[in-house]
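Below is one structure; the comments refer to it alone.
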Amino acid sequence: MQWNVYNLPIVLSAVILLILFFLLLRLRKARGALLFSFVVMCFFLYALGYGLVITSNSIDKALQYFVIERIGAGLIPSFYLIFAVSFIEDFNLLRKSFIPLYFVIPFCAIIVLLTNQWHGLFYNNPTFVQGKYFATLLYDPEIWYYILQFYILIGSLVVNGILITLFIKGSSIYRKQIGTIVFGSLSIIFLHTLFHPNMLGLFDLKINPTPYFSSIAGIIIFVGLKRYNLFRFAPIVRETLFEKMADAVIVLDKNRILVDFNHTASEYLSINSNDIGKPAEQVLAFWNDFKCGDAEVSNRNDYEYKTSAHDVATYFQINISPYFDKSNSFQGQIIMMRDITTQKEAEKVLESQTRLINTMLDNLPIGIFMVNAKTGKPLIANNRAKELLGRDILPSANRENLSEVYEAYICGTNTRYPTIEMPISKGMLGESSHVDNMEVERPDGSRVQLEIFGCPVLDAQGNVFASLVGFMDISDRKETEQMIQSQNKELQNLNATKDKFFSIIAHDLKNPINAILGFSHLLKTEINELEKEEISDYSSVIYNSTLQTSKLLENLLEWSRVQRGLLDFSPKEVSLQELVDESIEPLLASARNKEIEIKKSQLNGLSVCADRHMISSVIRNLVSNAIKFTPKNGCIEINSEVSQHFIKLTVTDNGIGMEKGILDNLFKIDAKVNRQGTEGEASSGLGLLLCKEFVEKHKGKLWVESEAGNGSTFSFTLPKEV
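Here the sequence shown is numbered in the numbering used here, starting from 19 and rising by one per residue.
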């Protein structure tokens, strides 16, 4: 071999290309790097083969190296074309079934070259000229030489056409990258066509300078690609993914170096193409604020970023996510920035409205409670609802157990309120309802009666998505209603009392007063004509009628004082024997007239705590009634029984007794039970009512036992001590 100033630079160019090949292999996981390494390898074979040709000592060696040169040159456009196509993401052109088509002409040319000695279709008449400085292989090019040269030229033009298209359509960021490749590629074509001895032949050169140009172009392209990171993304894909997105997109490599960004990112962060290749912490305003450099690069990280320009706050949602190649190897990070200022403003409005609604709900005098229609899970409960229920929202509640969880009962019972009948449950079924018979037992054991209004809540499509109830405490109202009912009943009793009074006045006073008027009129007008016995009889009738009227008026007056609360009540310890004796003293004459015996037993030594006037009236009325309804020769017994705290006094007669109908209405003011005695004695029924009132005033009890024809027994109790 002959080494000189001509062949050494060519061999050196080949070495440079080989170094570039290995550098590209280190980047083989980056997009396009491996394909471009094949292009560089072809340039290496081309330069190496030609360098060895011009250093050869024989034609045989020169022809062997010539084959290496032609193989490298012939494969350059094929790999270059695949490299360019990969950048436009045209996967149809990269399918395995298409790739062999790119190598048909080069492989055929290589086969023809290897078998040229038998057919001479690639070259003829090879000669080896040993020059002063280098050897030259001369030959006559044949058809397949020109086919291969034409393929190399057309392939190079197609590749550059693709790259020029990308350059035109690409953004300013990628034009530097594409322009570097276009410049390197076109310079090789131009210089190869201009200076190659077998091309235009404008210059009479004995040496082919193309290997020099290829190494120089390879270095230019490699440096440009490495500097501008063209291996990272395809430009047309970038246009689709980046520039047409409303969100800002920023791309960092595995070293957190800025690789790419779209127009929106430029507006948001005030970055430009000069920032490509700089570390993220230098060009991204938010990077240091959130200490993004400390975050795990292989994990997704989310941030919210606020800036203020011209005193206007702008909010961004930032997402930093890793991206990986097909072998799941970490390649870098993609940053997405979205302007959420409008969303933030809407959230503020919504928050303000929510506060307003919550304020309104929490200040309502009624409880508000809402549950999910499908699950029954509580959604909303205002303060009044929590106060009435005695509970907060209970997450364990569902549509099957609402009655149990919130301790709902039917009013006045310990029966669980049926869940399906609750307004909250009916609202889930799309029904509106109203109840006022539910009680809720609170954790402290107290119960509150509720009136509840329920309705379904519909979404925009008219479907039930929630059930809403409003409820209030009606315990006081119910008490008021009961009080009103009680007062109404009392008014009815008062009206009955009034009617009784009128009835007594109209009936019971009418007869004796008429008798008094009638007989007194006879005495006045006919006294001179009447016999002494007649005058005596008339006077007796007037006396008895007056006595009856006086007694009735006395009862009426006492009844009136009791009803108006004007009767004094002064209980004191008093002898029972003494009390009975003085009470029946005025009645003994009436008993003698009817020949009725009054017996007293078991009274001595007993004392009771009583209001003397009231109990005297009770005993007198009971004994008077016994005399009234007992026939001649009858008997009345007054007895007592002693218990621990009370003394029971009984008045028993063997008179005409009472039927059940009379017994049932005996102590009712609005029932007419008055009847005549055994000798026509008048009866108003008012006396027994007075007796009942007086006994109950002493916290005692009055009752009667009687059968028609078998007499009656009236019993009442009095306390032994004050």
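Here a beta-carbon is modelled for each residue, glycine too, at the ideal position from N, C-alpha and C.
In this text the structure is predicted, and so the values were computed from the model without any measurement.
Residues sharing a beta bridge with residue i, DSSP
i	result
Glu-457	Tyr-427 and Gln-467
Trp-721	Ser-733
Val-177	DSSP, once it has assigned bridges, lists no residue as partnering Val-177.
Val-159	One point to set straight first is that residue 159 is Pro, not Val, in the sequence displayed. Bridge partners of Pro-159: Tyr-141.
His-452	Phe-471
Arg-434	Tyr-427
Ile-275	Pro-297
Phe-146	Leu-155
Asp-491	Leu-468
Ala-484	Asn-390 and Val-475
Ala-266	Met-355
Alpha-carbon spacing of residue i relative to residue j, whole angstroms
i	j	result
Pro-737	Ile-614	30 Å
Ile-172	Glu-87	19 Å
Val-669	Gln-503	37 Å
Pro-413	Pro-396	7 Å
Arg-579	Ser-588	15 Å
Glu-551	Pro-530	21 Å
Met-354	Val-277	14 Å
Pro-461	Val-423	11 Å
Asp-108	Tyr-64	Because Asp-108 sits at a pLDDT of 48, beneath the cut-off of 50, its placement in the model cannot be relied upon, and the following sentence gives the value as read from the coordinates. Going from the Cα of Asp-108 to the Cα of Tyr-64 covers about 29 Å.
Ile-94	Leu-35	13 Å
Phe-97	Glu-285	39 Å
Leu-42	Phe-54	8 Å
Val-255	Gly-295	Note that Val-255 scores a pLDDT of 49, beneath 50, so its modelled location is shaky; the value from the coordinates is reported in the next line. Rounded to whole angstroms, Val-255 to Gly-295 spans 20 Å at the Cα level.
Asn-481	Ala-399	22 Å
Glu-744	Glu-439	Residue 744 lies beyond the residue range present for the chain, which begins at 19 and ends at 740; the question has no answer from this structure.
Gln-148	Ile-170	29 Å
Gly-197	Ser-104	17 Å
Lys-612	Gly-679	27 Å
Lys-590	Asn-432	46 Å
Thr-133	Val-85	11 Å
Glu-739	Phe-685	27 Å
Ala-91	Phe-61	7 Å
Leu-681	Ser-724	8 Å
Buried versus exposed, by CB contacts within 10 Å (16 or more), residue i
i	result
Glu-654	Residue identity check: residue 654 is Ile in the sequence provided, not Glu. Counting Cβ neighbours within 10 Å, Ile-654 comes out buried, since at least 16 surround it.
Pro-441	buried
Met-388	buried
Asn-280	buried
Met-59	buried
Leu-368	exposed
Lys-617	exposed
His-716	buried
Arg-638	buried
Gln-167	buried
Lys-650	exposed
Ile-289	buried
Leu-119	exposed
Ala-32	buried
Leu-38	buried
Ser-174	buried
Gly-727	exposed
Pro-159	exposed
Pro-253	Unreliable positioning characterises Pro-253 in this predicted model, as indicated by a pLDDT of 47, which lies under 50. The coordinate reading is nonetheless provided below. Classification for Pro-253: buried.
Arg-434	exposed
Ser-347	exposed
Glu-405	exposed
Ile-470	buried
Tyr-83	buried
Any chain C beta carbon closer than 8 Å to residue i
i	result
Asn-643	Considering every chain present, this structure includes no chain C. It has just one protein chain.
Notebook entry, point to check: Which parts of the region 316-364 are runs of the beta strand (DSSP E), unbroken and 3 residues or longer, counting only runs that do not cross its ends?
Noted result: Taking only runs of at least 3 residues, the beta strand (DSSP E) segments lying wholly in the region 316-364 are 319-327, 330-342 and 348-357.
Notebook entry, point to check: Taking only runs of the alpha helix (DSSP H) that begin and end inside the region 371-407, which ones reach a length of at least 4 residues, in chain order?
Noted result: Fully enclosed alpha helix (DSSP H) runs of 4 or longer: 401-407.
Next item on the list: State whether the region 379-398 contacts the region 300-317, with contact taken as three or more CB pairs (one from each stretch) at a distance under 8 Å.
Entry: Using a Cβ-Cβ distance cut-off of 8 Å, the region 379-398 and the region 300-317 are not in contact, since fewer than three pairs of beta carbons, one from each stretch, lie closer than that value.
Note to self: Extract the residue ranges of the beta strand (DSSP E) inside the region 616-672, only unbroken runs of 3 or more that lie entirely within it.
What the structure shows: The qualifying runs are 625-628, 653-660 and 664-671.
Margin query: Assess contact between the region 640-653 and the region 620-627, defined as three or more Cβ pairs (one per stretch) separated by less than 8 Å. Is contact present?
Written below: No, the region 640-653 does not touch the region 620-627.
Next item on the list: Quick one: which unbroken alpha helix (DSSP H) runs of 4-plus residues sit fully inside the region 540-615? Chain order, please.
Entry: Inside the region 540-615, DSSP marks whole alpha helix (DSSP H) runs of 4 or more residues at positions 550-581, 594-602 and 606-611, from first to last along the chain.
Notebook entry, point to check: Given 8 Å as the limit, is there contact between the region 333-345 and the region 354-363, that is, 3 or more CB pairs closer than that?
Noted result: Yes: the two stretches touch, three or more of their Cβ pairs being nearer than 8 Å.
Next item on the list: State whether the region 551-560 contacts the region 534-542, with contact taken as three or more CB pairs (one from each stretch) at a distance under 8 Å.
Entry: Contact between the region 551-560 and the region 534-542 is present: three or more C-beta pairs spanning the two stretches fall below 8 Å.
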